[in-house]
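A.B. asks: In our numbering, the protein residues as written are 18 to 472. Glycine included, C-beta positions come from ideal geometry on N, C-alpha and C. Computed from a prediction, not measured in an experiment: that's the story for all the values here.
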Amino acid sequence: MPAKDIRRIAHEYAAKAPHAVVDFGHRATFTTEEFEMRRALYAANVLIGNIERKGGIYIGQKPGDYNKLAGEAVAPVLAKPGVKDMPKPAAKRIDQVEEQYAMMWTSGGVYQTILDATLSAVPYQLHGWVMSRTNPMQTMTDRARVVEAMKKLDFIAVCDVYISETAAYADVILPESTYLERDEEIADKSGKNPAYYVRQRAVETLGNTKPSWQIFKDIGHKLGLGEFYPWENMETLQMLQVNRDTDLLRRIKDEGFVSFGKPIMLREPKMVAEFTKAYANAKPVDEDGTYGSLLTFKTPSGKIELTSAKVETMAPGRGVIKFREVHLKKADELYFIQGKVAVHTNGATHNVPMLANLMSDNAIWVHPVTAGKLGISNGDPIRLTSSVGTEEGHALVTPGIRQDTVFAYMGFGSKNKELVRATGKGIHCGNLLPHQTAPVCGMTVHTTGVTLAKR
């Protein structure tokens, strides 16, 4: 992008402060500098003061906090059914979250380290993998390495609504009901005011399937761990969540989505004024007519911090935002990037008859100039080669891609012959991507260099 355009956009953005926002994106780990890019994007938002302002970024108003702010019980607070003194795993985490990735979503972990621990036995040897609604044969990078790891494991169980590509390597397949066939617990969907939603079954269960929560609950009971599942079924769990308030449960089920109270953004004077007018016992406002002083963050100072001593300890030199050059391809290669298509859900639905009929292939987007240099026409059979694999597909010549880049939708090119509608159709993105993890945040990098040739 020309420098003059970058300057123009920056000035236009700043001129609209604080009612402007830089979107920080979703599923877009383009480079090893993922952490720096996301942090820089957040800094761009912070610098125009758009936190808790209209058009900017706001923090969800959870029911308990909202009630304290209002000085009264405006929204019901759901209970969190659990087990007291739940034993914690004694084994060390395999993903080095404490040492290298402590800033990330630790309950999810660094997914791809399952392969590292399996193949290198560090910090110890893994012997089994129980997975639910995940398809590493499609979603992990370096497919050959995924295959190698799975062959080394003693046991694999796959819980899924479809027979996935990964299921071909499973010792046990646990058939899960689709979202249309199952009830789920009530979930918090709070935004500017508290809100809940619930997913309910729309049709009777087809075949011998169960919701995943019931599958693992039943397994827990078989293993003598029933004490850790103190509810009989989903209706019982929902009743515990609403503290046995049958009227509330009925309302949530009848409406599907319910919200409570008046929307508020802590630094919007008009919204704060309407909030305090509605709730006589609301907390006193600041001198500027906002609740800005109540805004706190999970930092040592409780304020917004653009530096991090914690990050500096984990990754020396990364405590402060810094631009670093990244090298993802050789001079004679093209960037290979991927994305999702609206027809399919992640890498899961490509063998579903109706969806396969709508889209069963992922043609490779190639710019007309690039295609011309290589003698490639629209629809021609082509071959992509990376440092870890080779895939064959067809070209889609389009000006919708850069000259130095090729693109494909992910989830196609299955190599499991059981998936008759998906096998061998399109390219398998994971087979072209090397195993590479971004520092600090632990994300898998989804960009690499490839050579493109006509077959």
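Tell me which residue opens and which closes the beta strand (DSSP E) that Phe-52 is part of.
C.D. replies: Segment 51-63 is the alpha helix (DSSP H) holding Phe-52; no beta strand (DSSP E) there.
A.B. asks: I need the boundaries of the beta strand (DSSP E) containing Gly-389, first residue and last residue.
C.D. replies: Here Gly-389 belongs to no beta strand (DSSP E); instead the alpha helix (DSSP H) covers 385-391.
A.B. asks: Let me know the secondary structure DSSP gives Tyr-179 once reduced to three states.
C.D. replies: Residue state, collapsed to three classes: coil.
A.B. asks: For Gln-142, does the count of other Cβ atoms within 10 angstroms reach 16, so buried, or fall short, so exposed?
C.D. replies: By the neighbour-count rule (16 or more Cβ atoms within 10 Å), Gln-142 is not buried but exposed.
A.B. asks: Go ahead and label Gly-334 buried or exposed: buried means 16 or more other beta carbons lie within 10 angstroms of its beta carbon, across all protein chains shown.
C.D. replies: It counts as exposed.
A.B. asks: Check whether the stretch 461-468 and the stretch 434-453 touch, using three or more Cβ-Cβ pairs below 8 Å as the test.
C.D. replies: Yes, since at least three Cβ pairs between the stretch 461-468 and the stretch 434-453 fall closer than 8 Å, the two stretches touch.
A.B. asks: What do you get for Phe-353, buried or exposed, if any count of 16 or more other CB atoms within 10 angstroms of its CB means buried?
C.D. replies: With 16 or more other Cβ atoms within 10 Å, it is buried.
A.B. asks: Would you mind sorting Glu-322 into buried or exposed? The rule is 16 or more other CB atoms within 10 Å of its CB.
C.D. replies: With fewer than 16 Cβ atoms within 10 Å of its Cβ, Glu-322 is classed as exposed.
A.B. asks: For Ser-377 and Gln-231, I'd like the C-alpha separation in whole angstroms.
C.D. replies: Taking the straight line from one Cα to the other gives about 33 Å.
A.B. asks: Tell me which residues share the same chain as Ser-431 and place their Cβ nearer than 6 Å to its Cβ, disregarding the 5 neighbours each side in the sequence.
C.D. replies: These residues qualify, in order along the chain: Glu-182, Ala-439, Thr-440.
A.B. asks: Relative to the C-alpha of Gln-113, which residue among Met-103, Pro-98, Val-139 is closest?
C.D. replies: Here the closest residue by C-alpha is Val-139.
A.B. asks: So, do the stretch 340-356 and the stretch 412-425 have three or more beta carbon pairs nearer to each other than 8 Å?
C.D. replies: Output reads yes: the stretch 412-425 touches the stretch 340-356.
A.B. asks: What does Asp-205 pair with, by DSSP beta-bridge criteria?
C.D. replies: For Asp-205, which the question treats as bridged, DSSP gives the partners Tyr-213.
A.B. asks: Between which residues of its own chain and Lys-206 is the CB-CB distance below 8 Å, once the five residues before and five after are set aside?
C.D. replies: Cβ neighbours of Lys-206 beyond the five flanking positions: Ala-212, Tyr-213, Tyr-214, Phe-274.
A.B. asks: Can you give me the start and stop residues for the alpha helix (DSSP H) that Gly-81 sits inside?
C.D. replies: Residues 80-87.
A.B. asks: Give a yes or no on whether the C-beta atoms belonging to Ile-381 and Ala-412 are separated by under 8 Å.
C.D. replies: Against a cut-off of 8 Å, the Cβ pair of Ala-412 and Ile-381 comes out as a contact.
A.B. asks: Here's the rule I'm using: 16 or more other beta-carbon atoms within 10 Å means buried, otherwise exposed. How should Thr-407 be labelled?
C.D. replies: So Thr-407 ends up on the exposed side.
A.B. asks: On the criterion of 16 or more Cβ atoms from any shown chain inside 10 Å, does His-361 qualify as buried, or is it exposed?
C.D. replies: The residue is buried, with at least 16 neighbouring Cβ atoms inside 10 Å.
A.B. asks: Classify Ile-281: buried if its beta carbon has 16 or more other beta carbons within 10 angstroms, exposed otherwise.
C.D. replies: Per the 10 Å Cβ criterion, buried.
A.B. asks: Using CA atoms only, rank isn't needed, just tell me which of Thr-49, Arg-70, Lys-320, Ile-74 is closest to Tyr-59.
C.D. replies: Ranking Thr-49, Arg-70, Lys-320, Ile-74 by Cα distance to Tyr-59 puts Ile-74 first.
A.B. asks: Name the DSSP beta bridge partners of Gly-145, please?
C.D. replies: Looking at the DSSP assignment, Gly-145 forms a beta bridge with Phe-172.
A.B. asks: Between which two residues does the beta strand (DSSP E) carrying Lys-471 extend?
C.D. replies: Unbroken beta strand (DSSP E) run through Lys-471: 465-471.
A.B. asks: May I ask you to report which of helix, strand or coil DSSP gives Thr-407?
C.D. replies: The answer is strand: DSSP assigns Thr-407 an E or B state.
A.B. asks: Beta-carbon separation of Ala-27 and Ile-65 under 8 Å?
C.D. replies: Against a cut-off of 8 Å, the Cβ pair of Ile-65 and Ala-27 comes out as no contact.
A.B. asks: Given that a residue counts as buried once 16 or more other Cβ atoms are within 10 Å of its Cβ, and exposed if not, what is Pro-12?
C.D. replies: No answer is possible for residue 12: the residues shown for the chain start at 18 and end at 472.
A.B. asks: How about the stretch 172-186 and the stretch 362-373: do they share at least three Cβ pairs that are nearer than 8 Å?
C.D. replies: The stretch 172-186 is in contact with the stretch 362-373.
A.B. asks: May I ask you to report which of helix, strand or coil DSSP gives Ala-15?
C.D. replies: In the structure displayed, the chain extends from 18 to 472; residue 15 sits before or after that span and is not available.
A.B. asks: Assuming Glu-193 and Arg-218 form a contact by the criterion Cβ under 8 Å, report the distance between their Cβ atoms to the nearest whole angstrom.
C.D. replies: At roughly 13 Å, the Cβ-Cβ gap does not stay under 8 Å, so Glu-193 and Arg-218 are not in contact.
A.B. asks: Identify the continuous beta strand (DSSP E) that holds Leu-401 and give its terminal residues.
C.D. replies: Run containing Leu-401: 398-402, per the beta strand (DSSP E) assignment.
A.B. asks: Tell me whether Arg-56 is buried or exposed, calling it buried when 16 or more other Cβ atoms sit within 10 Å of its Cβ.
C.D. replies: Under this definition Arg-56 is a buried residue.
A.B. asks: Quick one: which unbroken alpha helix (DSSP H) runs of 4-plus residues sit fully inside the stretch 237-306? Chain order, please.
C.D. replies: With a minimum length of 4 residues, the continuous alpha helix (DSSP H) runs that stay inside the stretch 237-306 are 251-258, 263-272, 286-295.
A.B. asks: Can you have a look at Glu-51 and say buried or exposed, based on whether 16 or more other CB atoms are within 10 angstroms of its CB?
C.D. replies: Answer is buried; the Cβ neighbour count reaches 16.
A.B. asks: Taking only three categories from DSSP, how would you classify Ser-431?
C.D. replies: In the structure shown, Ser-431 sits in a strand (DSSP, three-state: E or B).
A.B. asks: Roughly how many angstroms separate the alpha carbons of Glu-291 and Val-91, rounded to a whole number?
C.D. replies: Straight-line Cα distance between these residues: approximately 15 Å.
A.B. asks: Tell me, to the nearest whole angstrom, how far the beta carbon of Arg-284 is from that of Glu-89; I am working on the premise that it is less than 8 Å.
C.D. replies: 22 Å between Cβ atoms; not a contact.
A.B. asks: Distance check for Lys-168 and Met-154, CA to CA, integer angstroms please.
C.D. replies: Those two C-alpha atoms are separated by around 13 Å.
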